[in-house]
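J.: Sharing a structure, written as structure tokens. Questions coming.
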Amino acid sequence: MYWNKEIETMPREKLRELQGKRLVDAVERVYKNVAPYRKKMQDIGLEPGDIRSIDDLYKLPFTTKDDLRDNYPFGLNAVPMSEITEIHASSGTTGKQTVVTYTDNDLKIWGEVAARSITMAGGTNKDIVHVSYGYGLFTGGLGAHYGGQTIGAATIPVSAGNTKRQIQIMRDFGSTILMCTPSYALYLAEAAEELGAVNDIKLRAGIFGAEPWTEPMRREIEQRLHISAYDIYGLSEIIGPGVSGECNFKCGLHVQEDHFIPEIINSATGEQLPAGQAGELVFTCVTKEAMPLIRYRTRDISTLTYDACECGRTTARMSKPSGRADDMLIIRGVNVFPSQIESVLMGINEASAYYMLVVDRKNNLDTLEIQVEMRPEFFSDEVRVLENLKRKIAKEMESTLGLSAAIKLVEPKSIGRSEGKAVHIIDNRHLY
Ligand code: DLL
52 MYWNKEIETM PREKLRELQG KRLVDAVERV YKNVAPYRKK MQDIGLEPGD
102 IRSIDDLYKL PFTTKDDLRD NYPFGLNAVP MSEITEIHAS SGTTGKQTVV
152 TYTDNDLKIW GEVAARSITM AGGTNKDIVH VSYGYGLFTG GLGAHYGGQT
202 IGAATIPVSA GNTKRQIQIM RDFGSTILMC TPSYALYLAE AAEELGAVND
252 IKLRAGIFGA EPWTEPMRRE IEQRLHISAY DIYGLSEIIG PGVSGECNFK
302 CGLHVQEDHF IPEIINSATG EQLPAGQAGE LVFTCVTKEA MPLIRYRTRD
352 ISTLTYDACE CGRTTARMSK PSGRADDMLI IRGVNVFPSQ IESVLMGINE
402 ASAYYMLVVD RKNNLDTLEI QVEMRPEFFS DEVRVLENLK RKIAKEMEST
452 LGLSAAIKLV EPKSIGRSEG KAVHIIDNRH LY
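If you want my numbering, it's the 1-based position in the sequence shown plus 51.
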């Protein structure tokens, strides 16, 4: 087992002391070595000496994605290029890509935190870890890979795509832990069923993340692949996968707090919110060398709890992120997250987990069409059956979202499958 017990079960007071020491050091480093950080602090009259413990964290200015874009590509580096040993980038859907850099030691930290997530999911050096996150500039593939290798598991860099071959490898190599996006896990389940291979594969756990997913989606993946599914969270700017992960009690994701200090803030005012309140997740990297971001605003919505977990870990737990503020649609003034739509659909037998939201604007009024792919066993061309189903889905959506939506039922397999992060939204309003 790769469990850093000393850190992960440390009494909270001691942990806060450690975080405070590391924070003081990180602030000194960025003040000295990163000109944009020095300027931000000077602009509000803050000096490194003003940060003496974790209680002073709130005094520090935030970092946002715009800071990364404004200092593209290497302006936030705190070490010379000679010390950088790896570079990743996240393309994002809009704007310039954001670049993240790592020293050798940062890669060790990454391997360690990803390893802790795999360990929490029961992984050991006897496992065969099948990594189907994309390898390349995206941090999913290599992050999971470093985690697998750190625990000494046989790690297979399958990467995403070529779904039939994935199933063949699982079957032939005896993969025991699958790491990919939840939407790709569902697609792999579908492929394994079609090939009649579900009973030939030895998977027992899956560690899924990189996109929001719901509890019903977890149950569906577990039932179809005969595994236990765990959530893993992370973002490139902070390190990649492994910032937090679920233990086998699955009641929130343990944040690797000795490296990343979490906060929840009110997005509008920037104020810190108390435990249990939902808001924007913010992280401060206290041990990273190459690009230690201070109070980075993730735009992800979550809550934090500091209660001890039944597993014995004392680290803070974050709730499953319900989605990025950027993914939130505002339709006729109502806030809609794709994960709410997924929850409703997963409760309807005839509907599959595949859907697409098409937003448009007609006569100055926003319209929402929800395209729902039907499960093959319920697909019918009887108009009355389809009309009844449409009405049922529309009613459930209206009561959950507080918004009326047009429902369009589409044939099985007609909505594109994703090998990485699923795309659920077509917003035609941007075209006007
Ligand atoms: O998605 C890193 C990652 C790879 C995490 C593999 C987990 C597994 P980015 O491409 O920079 O990095 O995207 C980060 O993805 O801010 C969230 O909005 C979303 N996200 C990541 N994990 C989860 C999760 C990787 N478990 C952005 N649940 C984050 C919900 C997630 N959203």
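Note that CB positions come from ideal geometry on N, CA and C, so glycine has one too.
Counting Cβ pairs closer than 8 Å, one from the stretch 74-88 and one from the stretch 102-117, do we hit at least three?
T.: Counting Cβ pairs under 8 Å, three or more are found: they touch.
J.: Which one of 114, 118 and 81 has the shortest CA to CA distance from residue 100?
T.: Minimum Cα distance to residue 100 is reached at 81.
J.: Let's test the definition: count the other Cβ atoms within 10 Å of the Cβ of residue 342 and tell me whether it reaches 16, buried, or not, exposed.
T.: Buried is the call here.
J.: If residue 434 sits next to residue 461, beta carbons under 8 Å apart, how far is it from one beta carbon to the other, in whole angstroms?
T.: Wrong, their Cβ atoms sit about 15 Å apart, outside the cutoff.
J.: Compute every distance between the C-beta of residue 296 and the non-hydrogen atoms of the ligand DLL, then say whether any falls below 6 Å.
T.: No, since every heavy atom of the ligand DLL falls outside the 6 Å radius drawn around the Cβ of residue 296.
J.: Under a Cβ-count criterion, where at least 16 other Cβ atoms within 10 Å of its own Cβ denotes burial, should residue 378 be classed as buried or exposed?
T.: The residue is buried, with at least 16 neighbouring Cβ atoms inside 10 Å.
J.: Short check: CB of residue 141 to CB of residue 279, under 7 Å?
T.: Not in contact: residue 141 and residue 279 (Cβ atoms no closer than 7 Å).
J.: Just to confirm the assignment, what range does the alpha helix (DSSP H) spanning residue 239 have?
T.: It spans 233-245 - the alpha helix (DSSP H) in which residue 239 sits, taken as one unbroken run.
J.: For residue 345, is the classification buried or exposed, using 16 other Cβ atoms within 10 angstroms of its Cβ as the cut-off for buried?
T.: The residue is buried, with at least 16 neighbouring Cβ atoms inside 10 Å.
J.: Let me know if residue 132 comes out buried or exposed under the rule of 16 or more other beta-carbons within 10 Å of its beta-carbon.
T.: Residue 132 should be labelled exposed.
J.: Tell me the residue span of the alpha helix (DSSP H) that contains residue 223.
T.: Taken as a continuous stretch (DSSP letters only), the alpha helix (DSSP H) holding residue 223 covers 214-224.
J.: By alpha-carbon positions, which one of 223, 404 and 173 ends up nearest to residue 271?
T.: When each option's Cα is compared against that of residue 271, the closest is 404.
J.: DSSP three-state call for residue 328: helix, strand or coil?
T.: Reduced to three states, the DSSP call for residue 328 is coil.
J.: Which residue comes first and which comes last in the beta strand (DSSP E) that contains residue 411?
T.: Counting along the chain, the beta strand (DSSP E) containing residue 411 begins and ends at 402-413.
J.: I'd like to confirm the pairing. Which residues does DSSP put opposite residue 138 in its beta bridges?
T.: Answer by DSSP bridge pairing, in chain order: 152.
J.: If you scan the stretch 238-325 from start to end, which runs of the alpha helix (DSSP H) of 4 or more residues do you find wholly inside it?
T.: Listed in chain order, they are 266-276.
J.: Spatial neighbours of residue 173 within its chain, please: CB distance less than 7 Å, with the 5 preceding and 5 following residues excluded, ordered by chain position.
T.: Result list for residue 173: 256 and 299, in chain order.
J.: Between which two residues does the beta strand (DSSP E) harbouring residue 459 extend?
T.: Start and end: 457-461.
J.: Can you tell me whether residue 91 is buried or exposed, with buried defined as 16 or more other CB within 10 angstroms of its CB?
T.: Per the 10 Å Cβ criterion, buried.
J.: Determine, using beta-carbon pairs with one atom in the stretch 307-322 and one in the stretch 331-341, whether at least three such pairs fall under 8 Å.
T.: Verdict: yes, contact present.
J.: Could you check if residue 286 belongs to the surroundings of the ligand DLL, using beta carbon to heavy atom distance under 6 Å?
T.: Under cutoff, so the answer is yes.
J.: Please classify residue 122: does DSSP put it in a helix, a strand, or coil?
T.: Residue 122 falls in the coil class under three-state DSSP.
J.: Residue 340: buried (16+ other C-beta within 10 angstroms of its C-beta) or exposed?
T.: That one is buried.
J.: Rounded to whole angstroms, what is the Cα-Cα separation between residue 171 and residue 297?
T.: Going by the C-alpha atoms only, they are around 6 Å apart.
J.: For the ligand DLL, is there a heavy atom less than 6 Å away from the beta-carbon of residue 346?
T.: No, Cβ of residue 346 sits at least 6 Å from all heavy atoms of the ligand DLL.
J.: Provide the residue(s) that pair with residue 428 in DSSP beta bridges, ordered along the chain.
T.: Residue 428 is not bridged to any residue.
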